[in-house]
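Here's the structure we're looking at; comments come further down.
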Amino acid sequence: MISVRDLHKRFGRQIVLDGIDLDIEEGKTTTVVGPSGVGKSVLLKIIMGILKPEKGEVRINGRSMTAAKSESEKNEIRSSLGVLFQAAALFDSLTVYDNIAFPLRERGSHSEAEIRKKALEMIEALSLEPYVLKYPEEISMGIRKRVGMARALMTNPSILLFDEPNTGLDPLVGQEVYDLIKETRARWGFTGIVISHELPEVFQVSDKVVMLLNGKIEMQGTPEEFISSDNPAVIQFLNGKIDGPIKIQ
Amino acid sequence: MTAAIISATEKIGGLTIDIASGFGRSWLFLFRTIVGIFKLPFRFGLFLQQMYQIGVNSTLVIALIGVFTGAVLAVQGEYTLSKFGATAFTGSAVALSLIRELGPVLTALMVIGRAGSAITAEIGIMRITEQIDALRSMAVDPIRYLMVPRFLAGIIAMPLLTSIFIVIGIAGGYLVATTLLGLNPGTFMSEMISAVDTVDVYSGLIKALVFGFVFGWVSCYKGYTCGFGAVGVNKATTQSVVTASVAVLVLDYFLTTLLTKYIFQ
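So, in structure tokens, the structure goes:
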């Protein structure tokens, strides 16, 4: 369970988040949508403890990430998180296998045999066997996302964050990533937060949708409520129209 | 008019804050890196990788520059000293120039150009492709994982590379002086041995150590604070090479004065 209360974030004079209140329910997938530059990724990075808000609080499983005094305290809270980054953020100098094994190796509390067993389990579950000895530059973006997913799942996180999982992918590979999210969630049962601007495709993995606009929550509800919404901004965003309350920045 | 003055004041104020905060951040970064060296576990494998990247991979170019620098010094030294009828001191001139000055400075400039730019670009690309965020999300401190091995490898590799530069430089000078310029090999060596003191060697190696420190600090910091996109990496790499090179040349003057006039009088 993640709760976000009165979150404010600005960069210089630009207000990005202006008093966000949000509850992410356990076991469900919440999707945060909105036009580019609206602060979706900023919200994600504040939840991860990478960015610090000016005001407000983020609590993850009852512990405050924003009030954590030290990096080690943040790391304890982060241990329940897994992240799939926009372009997977795999380490270029490591093979697919080493990328997947990395989180457990760095924890230092597992033997190499245990790490190998867990990594092979992930590799099999995500059908990555042909790629284990390849480097990130040698595999397609779709496979990189799979590797990123395997790496994120290595530590059995209770919460998985997806930062624009379909950016830069063609529709077929994009659908493959959505299927991957559905399959892994069914198998590992995590709480999901998906950042996206792909409507309505992203609804297939969403239990709840939150739309950000001008630093505030414009609307939140189920995918069905979004589709039937009469909110002009939601209608404009869903239909991809230039004219409307959302101004292109 | 008033609005223009307010705007100009705001700009100057903003720039001052930017410079001061950037300066503060770079020292904080250095502090965290130094503290990171003493935190366990020490990643020895990553440190060895960086020793290879910075040290071993720079050896050939350092040797090449060293041999030609020594050769040029021999020709120039012999020419200058011949005006005073003192060509016998060519060996001393070559050795002292290399050990005290050119060895540490040219090695540092070469390593900054070759390895420093690579470190900044590598870390900068890791920054813009969110690999550094990925490390943090996996509870791995990027300072300890990325910076400490590079910083430490720079400090250790620089004196070693400087030593190689000096030895090969002297060999190059000896070869040119004895074969091309017709100087007596025995005179070259004996004058060199009698002119060079242990403090000269210490002086050169202390400089190399300081330059290694500057090299690691600047190249890692510029990569870590890299801006967005290809332009950000381009800017960070250029700034890294320029800042570290200028710092080496400025520090060289102060170190020379300090070591020559105050410490090894």
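Chains as they are written, first to last, in our numbering: chain H, 44 to 292; chain G, 1033 to 1297.
Every residue gets a Cβ at the ideal spot worked out from N, C-alpha and C, and that includes glycine.
Bear in mind that the values here come from a model prediction, so they are computed numbers and not experimental data.
| query | result |
| --- | --- |
| Going straight from the alpha carbon of Glu268/H to that of Lys95/H, what length do you get? | 32 angstroms |
| Going along chain G in order, which residues have a C-beta closer than 8 angstroms to the C-beta of Leu124/H? | Ser1169 |
| At the level of alpha carbons, what is the spacing between Glu261/H and Leu255/H? | 5 angstroms |
| Taking CB distances under 8 angstroms as the criterion, tell me whether Glu69/H reaches chain G. | no |
| Scan the region 110-161 of chain H and note each continuous beta strand (DSSP E) run of 3 residues or more that stays entirely inside, going in chain order. | 124-127 |
| Chain G partners of Gln279/H, CB-CB under 9 angstroms? | Per Cβ cutoff of 9 angstroms: no residues; Gln279/H is ~28 angstroms from chain G at best. |
| Start and end of the alpha helix (DSSP H) containing Phe1197/G? | 1180-1207 |
| Given a cut-off of 8 angstroms, decide if Pro1174/G and Ile1164/G are closer than it, judged by their beta-carbon atoms. | yes |
| List, in order along the chain, the chain G residues whose C-beta lies closer than 8 angstroms to that of Glu114/H? | Asp1173 |
| Would the beta-carbon of Met1179/G be found less than 7 angstroms away from any heavy atom of the ligand SAM? | Summarising the ligand content, the structure contains no ligands, and the ligand SAM is consequently not present. |
| Applying a beta-carbon distance threshold of less than 7 angstroms, which residues of chain G neighbour Pro146/H? | Met1170 |
| Would you please state the rounded distance, in angstroms, between the beta carbons of Ile289/H and Lys83/H? I believe it to be under 8 angstroms. | Contact doesn't hold; Cβ gap of about 14 angstroms is too wide. |
| Measure the Cβ-Cβ separation of Leu204/H and Ile90/H and say whether it is below 8 angstroms. | yes |
| Could you give the first and the last residue of the continuous alpha helix (DSSP H) run that contains Gln57/H? | Here Gln57/H belongs to no alpha helix (DSSP H); instead the beta strand (DSSP E) covers 57-67. |
| Identify which residue in Ala162/H, Ile67/H, Ser136/H has its Cα closest to the Cα of Glu180/H. | Ser136/H |
| Shortest alpha-carbon distance to Tyr1111/G belongs to which of Ala1171/G, Leu1134/G, Leu1212/G, Gly1264/G? | Leu1212/G |
| Beta carbons nearer than 7 angstroms to chain H: which residues of the region 1153-1166 of chain G have them? | Thr1161, Glu1162, Gln1163, Asp1165, Ala1166 |
| For His153/H, which of Ser170/H, Met197/H, Ala110/H has the nearest alpha-carbon? | Met197/H |
| Using a Cβ-Cβ distance under 8 angstroms, would Phe128/H count as near chain G? | yes |
| Does any CB atom of chain H fall closer than 8 angstroms to the CB of Pro1073/G? | yes |
| So which residues on chain G does Met91/H lean against when the C-beta distance must stay under 9 angstroms? | Asp1165, Arg1168, Ser1169 |
| As a quick exercise: from Ala1279/G, Lys1043/G, Ala1052/G, Leu1130/G, pick the residue whose alpha carbon is nearest that of Val1099/G. | Leu1130/G |
| Does any C-beta atom of chain G lie closer than 8 angstroms to the C-beta of Asn199/H? | no |
| With a 10 Å radius around its C-beta and 16 neighbouring C-beta atoms as the bar for buried, classify Tyr174/H as buried or exposed. | buried |
| Under 8 angstroms, Cβ to Cβ, is there at least one residue of chain G near Leu180/H? | First, the amino acid is wrong: residue 180/H is Glu here, not Leu. No, because no Cβ of chain G sits closer than 8 angstroms to the Cβ of Glu180/H. |
| Alpha carbon to alpha carbon, how far is Arg159/H from Arg1132/G? Give it in angstroms, no decimals. | 52 angstroms |
| DSSP puts Phe205/H in a beta bridge; with which residues? | Leu127/H, Val237/H |
| Tell me whether the region 47-65 of chain H and the region 207-221 of chain H touch, counting them as touching only if at least three CB pairs, one residue from each stretch, are closer than 8 angstroms. | no |
| Report yes or no: is there a C-beta of chain G within less than 8 angstroms of the C-beta of Arg159/H? | no |
| Is the beta carbon of Val126/H closer than 8 angstroms to that of Ser1169/G? | yes |
| Three-state secondary structure (DSSP) at Val1088/G? | helix |
| Using 8 angstroms for Cβ pairs, my map puts Glu100/H next to Arg48/H. What's the rounded Cβ distance? | 5 angstroms |
| Could you tell me which chain C residues have their CB closer than 9 angstroms to the CB of Arg121/H, listed as they occur along the chain? | Here chain C cannot be found, since the structure's protein chains are H and G. |
| Please list, in chain order, the residues of the region 203-225 of chain H that have any C-beta partner in chain G closer than 9 angstroms. | Leu204, Asp206 |
| Could you have a look at Ile260/H and say whether DSSP puts it in helix, strand or coil? | strand |
| What residues from chain G crowd round Ala132/H, counting only those whose CB sits closer than 8 angstroms? | Thr1161, Glu1162, Gln1163, Asp1165, Ala1166 |
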